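Enquirer: Handing you this structure, nothing more for now.
Below, the structure is given as C-alpha cells:
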C-alpha cells in the first residue's frame with residue numbers, strides 16, 4: 229500500500245465519530261492525570277487502561293496514544309508551573325521553564341512548549357509515515373539473529389541512559405528478564421518460577437508490574453516525605469508569545485525537532501537523551517549561554533520540541549519491529565497484547581487500518597493538545613493545586629480497579645501491591661526501574677530469538693557476528709558501553725542525569 | 003555495616019539471583035543448539051548473582067548514600083488497604099470496597115482526620131466509581147457483593 233492511500237485509509241479510520249471522540253477523551257484524560265504531580269506517563273497510562281478494555285482494537289489504541297501524549301504534555305505543564313518534573317524527560321524543561329514562570333512569564337513558557345510540541349509532533353508523524361513502511365519492509369527480512377542483537381542494543385541503551393551506575397542498570401535489566409521468565413516456557417511447556425501457583429502459569433502481567441512499581445511505588449515514596457511536599461504554583465499570565473519570543477524560539481524548535489525525530493527511533497534511547505541533547509546544543513550555540521537556566525525561552529522550546537518529536541518516532545520500533553524503545557512503549561505493547569494484538573512488521577500488512585488510523589490520529593491528537601490546552605491552562609493549574617492527601621487515595625483506587633479488571637483477578641491486585649513495595653525499595657536504593665520494565669518485555673523475546681538463532685546455527689554463537697545487520701547493531705551497543713566509561717561522556721551523562729529520579 | 007543504597011541493591015540482586023539460580027538448576031538445561039527451559043534462566047540468574055556481588059563489593063568503598071526511613075506506617079497502611087480491597091471486591095461489591103480502600107488509604111496521611119467530611123467525600127467517590135466502571139464501562143464487577151447477597155440484600 230502506498231503512502232497516499234495509506235493516509236487516506238488512516239483518515240477514514242481516525243475521523244469516524246467514535247475514534248475522534250476517544251482520541252479527544254484520551255488526550256483530555258491523559259493531560260488531566262498527567263498534570264498531577266508525581267504521575268508520569270507510565271502511571272497515567274496504566275491507571276487509565278481499563279477505560280480502553282471495552283473498545284475495539286483501533287479505538288483503544290488511538291485512545292491510548294492520546295493518553296500518552298496528553299500525559300507527556302501534562303508533565304511539562306507541571307514542570308513549568310511547579311518545578312516538579314513528572315518524569316525524567318521533563319527535568320530539562322524545569323530549568324528554564326520554571327525560571328520563566330518565576331519571572332511572571334509562565335504563559336509564554338507554556339505557549340513555547342505547546343507550539344514547539346505541536347510542530348515537532350507534526351514532523352514526527354510525517355517521519356513515521358515515510359520511515360515506518362520502509363523499516364517494516366526491512367524488518368520482514370530480519371531473522372532471529374538480527375532481532376536478538378536489536379534487543380541487546382535496546383537493553384544496553386536503556387542501561388546507559390538511566391541515572392545511577394551502569395552496574396545497577398545491568399542488575400535491573402537482569403532482574404526484569406528473570407521476572408519475564410515466570411510462567412510457562414513456550415517451547416517446552418515447562419512451568420518456570422511459578423511456585424506451583426496456577427495464577428502464575430500465564431506469567432506476570434506486564435501492566436500489573438508497571439502499575440505497581442510506577443503508580444503505587446510513587447504513592448508510597450511520596451507519603452514517606454509527605455510533610456515536605458508543599459509547592460507553590462506560578463500564576464499564568466498572558467499566553468501570547470511576543471514577537472521577540474517567536475524570533476528566539478523558531479531555530480530551537482527546528483533543531484530540537486530534528487534531534488528528537490532521529491533519537492526517538494533508537495531503541496532504549498528515547499525521550500530523555502533527545503530533550504537533554506537539544507538543550508545542550510542550544511546552550512552551546514547560543515550567543516547568550518549565560519541566560520540558560522535563568523529563563524531562556526530557547527531552553528523550553530528546544531527540549532519540548534525534541535521530547536515530543538521523539539515521543540512520536542518512538543512508536544516506529546514498536547510498530548514496525550514489535551520492540552519497545554522505552555518503558556512507556558513497553559507498556560503500550562503490554563496494553564496491545566491485552567487487546568489481542570501482537571505488534572510487529574506484520575501489523576502494517578495485516579491491519580493497515582489500525583496502523584494508518586493510529587498515525588493519522590497521532591496528528592489529530594497533537595492538534596487537539598494545542599487547541600485544548602492553552603485555553604484550559606487555568607483548569608490544569610487548579611488540578612495541580614489539589615493537595616496530595618486527597619489525591620493519593622484516588623490513585624490507589626484507580627490502580628487497584630485497573631489491575632483487577634485486566635483479568636478479574638484479585639491475585640493481580642496482591643501482586644501489584646507487592647511490586648508497589650518493591651518499587652518503593654528501588655527508589656530508596658537509588659535503582660531506576662525503567663530498565664527493568666523494558667527488560668520485562670524484551671527478556672522473553674530475547675530468549676525466544678536466541679533460542680531460534682542458535683537452533684538454526686546448530687549452537688554456533690558466531691552467527692551474531694556474521695550477519696551484517698547483527699554485527700552493526702552489536703557494535704553500536706559496544707560503542708555505547710565503552711563511551712560511558714570515557715571520562716568526557718561520563719561527565720555529560722552525570723550532569724544530565726544526576727538530578728533525575 | 004550501614005544500610006547504604008549499594009548494600010540494599012547488591013543484597014537484593016544477590017538474594018533474588020541465588021534463589022533463581024537454585025530453582026533454575028532444576029529445569030532441563032539442553033544444549034546451546036537446543037536450549038532447554040533451564041538454559042536462559044541459569045545464565046541470567048548467574049549474571050544477576052555476579053552483579054549483586056559486584057555491587058556489594060562497591061558498597062565497601064562507602065560512596066553510596068545511607069538509607070534512612072522517616073515513616074514506616076504508610077507502607078503498611080496503604081498496602082494493607084489495597085490487599086483488603088482485592089480480597090473484598092467481589093464479596094462486598096465495588097462501591098463498598100472502594101469506600102473502604104479510600105478511607106483506609108487516606109488514613110496513611112499525616113493530615114488525615116476521620117470525620118464526616120472524609121466519609122462523605124469517599125462515599126460520593128465510591129458511588130461515582132460504581133456508576134463509571136460497572137454501569138458505563140461494563141466491567142464485570144458486582145455492585146452488591148456475594149456476602150451482602152447472602153444476607154438478603156437486593
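Residue numbers (our numbering), protein chains in the order written: chain H, 229 to 729; chain D, 3 to 156. Yeah, the Cβ is synthetic: ideal placement off N, Cα and C, and Gly gets one too. Values in this document were obtained by computation on a predicted structure and should not be read as measured data.
Is the shortest distance between the beta-carbon of residue 136 of chain D and the beta-carbons of chain H less than 7 angstroms?
Expert: Cβ-Cβ to chain H under 7 angstroms: no for residue 136 of chain D.
Enquirer: Taking DSSP's pairing of strands, which residues face residue 37 of chain D in a bridge?
Expert: Partner(s): D/32.
Enquirer: In the DSSP assignment, what residue or residues form a beta bridge with residue 6 of chain D?
Expert: According to DSSP, residue 6 of chain D bridges with D/68.
Enquirer: Under a CB-based cut-off of 7 angstroms, is residue 457 of chain H close to chain D?
Expert: No answer about residue 457 of chain H holds up, because its pLDDT of 48 lies below 50 and its placement is not dependable.
Enquirer: Does any residue of chain H bring its CB to less than 7 angstroms from the CB of residue 56 of chain D?
Expert: So, interface residue.
Enquirer: DSSP state of residue 26 of chain D, grouped into three classes?
Expert: Helix.
Enquirer: Might you give, ordered along the chain, the residues of its own chain that have their beta carbon closer than 6 angstroms to the beta carbon of residue 103 of chain D, omitting 5 neighbours on each side?
Expert: 83, 87.
Enquirer: Which residues in the same chain have their Cβ closer than 7 angstroms to the Cβ of residue 755 of chain H, if we skip the five residues on either side of it in sequence?
Expert: For chain H, the structure presents residues 229 to 729; residue 755 of chain H sits outside this window and is missing.
Enquirer: CA-CA distance, residue 492 of chain H and residue 385 of chain H?
Expert: One C-alpha to the other measures close to 12 angstroms.
Enquirer: At a CB distance below 9 angstroms, what residues from the stretch 620 to 641 of chain H approach chain D? Give them in sequence order.
Expert: Those residues of the stretch 620 to 641 of chain H that come within reach of chain D (Cβ to Cβ, closer than 9 angstroms) are 620, 621, 622, 623, 624, 625, 626, 627, 628, 629, 631, 632, 633, 636, 637, 638, 639, 640, 641.
Enquirer: Residue 411 of chain H by DSSP, collapsed to three states: which one?
Expert: The answer is strand: DSSP assigns residue 411 of chain H an E or B state.
Enquirer: What do you get for residue 282 of chain H, buried or exposed, if any count of 16 or more other CB atoms within 10 angstroms of its CB means buried?
Expert: Burial call: exposed.
Enquirer: Using the Cα positions of residue 269 of chain H and residue 378 of chain H, report the straight-line distance between them to the nearest angstrom.
Expert: If I take the Cα positions, the gap works out to 25 angstroms.
Enquirer: Decide yes or no for the touch test of the stretch 443 to 453 of chain H against the stretch 501 to 514 of chain H: beta carbon pairs closer than 8 angstroms, at least 3 of them.
Expert: Verdict: no, contact absent.
Enquirer: Is the stretch 27 to 47 of chain D close to the stretch 669 to 680 of chain H, with three or more CB pairs under 8 angstroms?
Expert: Counting Cβ pairs under 8 angstroms, three or more are found: they touch.
Enquirer: For chain D, check one thing: does any of its Cβ atoms lie closer than 7 angstroms to the Cβ of residue 649 of chain H?
Expert: Cβ-Cβ to chain D under 7 angstroms: yes for residue 649 of chain H.
Enquirer: Alpha helix (DSSP H) containing residue 443 of chain H: first to last residue?
Expert: Taken as a continuous stretch (DSSP letters only), residue 443 of chain H belongs to no alpha helix (DSSP H), as it is neither H nor E.
Enquirer: Does the stretch 299 to 308 of chain H touch the stretch 316 to 323 of chain H, meaning 3 or more C-beta pairs lie closer than 8 angstroms?
Expert: These segments touch.
Enquirer: Report the neighbours of residue 61 of chain D on chain H: residues whose CB is nearer than 7 angstroms to its CB, in chain order.
Expert: Neighbours of residue 61 of chain D on chain H: none; closest Cβ ~11 angstroms, over 7 angstroms.
Enquirer: Does the count of Cβ pairs from the stretch 417 to 425 of chain H and the stretch 284 to 294 of chain H closer than 8 angstroms reach three?
Expert: Not touching, per the Cβ criterion.
Enquirer: List the DSSP bridge partners of residue 420 of chain H.
Expert: Per DSSP, H/411.
Enquirer: Flag residue 405 of chain H as yes if its beta-carbon sits less than 7 angstroms from any beta-carbon of chain D, otherwise no.
Expert: Residue 405 of chain H counts as touching chain D.
Enquirer: Would a check of beta-carbon distances place residue 51 of chain D closer than 7 angstroms to chain H?
Expert: No, its Cβ sits nowhere closer than 7 angstroms to a Cβ of chain H.
Enquirer: For the 8 angstroms Cβ check, are there 3 or more pairs between the stretch 529 to 537 of chain H and the stretch 571 to 583 of chain H?
Expert: Judged by Cβ distances under 8 angstroms, the stretch 529 to 537 of chain H makes no contact with the stretch 571 to 583 of chain H, as fewer than three pairs qualify.
Enquirer: Is it a yes or a no for the stretch 411 to 422 of chain H touching the stretch 16 to 30 of chain D, going by three-plus beta-carbon pairs under 8 angstroms?
Expert: Taking 8 angstroms as the limit for Cβ pairs, the verdict is that the stretch 16 to 30 of chain D does touch the stretch 411 to 422 of chain H.
Enquirer: Decide if the stretch 438 to 448 of chain H is in contact with the stretch 458 to 475 of chain H; the criterion is three or more beta carbon pairs, one per stretch, under 8 angstroms apart.
Expert: The stretch 438 to 448 of chain H vs the stretch 458 to 475 of chain H: no contact.
Enquirer: Could you tell me the distance, in whole angstroms, from the CA atom of residue 463 of chain H to the CA atom of residue 340 of chain H?
Expert: Taking the straight line joining both Cα atoms gives about 16 angstroms.
Enquirer: Could you give the C-beta distance for residue 432 of chain H and residue 410 of chain H, rounded to a whole number, given that I count them as a contact under 8 angstroms?
Expert: Residue 432 of chain H to residue 410 of chain H, Cβ: 5 angstroms. Contact.
Enquirer: Say whether chain D places a C-beta atom closer than 7 angstroms to the C-beta of residue 413 of chain H.
Expert: Interface residue, yes.
Enquirer: In terms of residue numbering, what span does the alpha helix (DSSP H) encompassing residue 633 of chain H cover?
Expert: Unbroken alpha helix (DSSP H) run through residue 633 of chain H: 616 to 635.
Enquirer: Taking just the CA atoms, how far does residue 657 of chain H sit from residue 702 of chain H?
Expert: About 31 angstroms.
Enquirer: Rounded to whole angstroms, what is the Cα-Cα separation between residue 311 of chain H and residue 326 of chain H?
Expert: Their backbone Cα atoms lie some 6 angstroms apart in a straight line.
Enquirer: Does any CB atom of chain D fall closer than 7 angstroms to the CB of residue 438 of chain H?
Expert: Answer no: the Cβ-Cβ gap between residue 438 of chain H and chain D never drops below 7 angstroms.
Enquirer: In angstroms, rounded to a whole number, what distance separates the CA positions of residue 367 of chain H and residue 551 of chain H?
Expert: In a straight line, the C-alpha of residue 367 of chain H is about 11 angstroms away from that of residue 551 of chain H.
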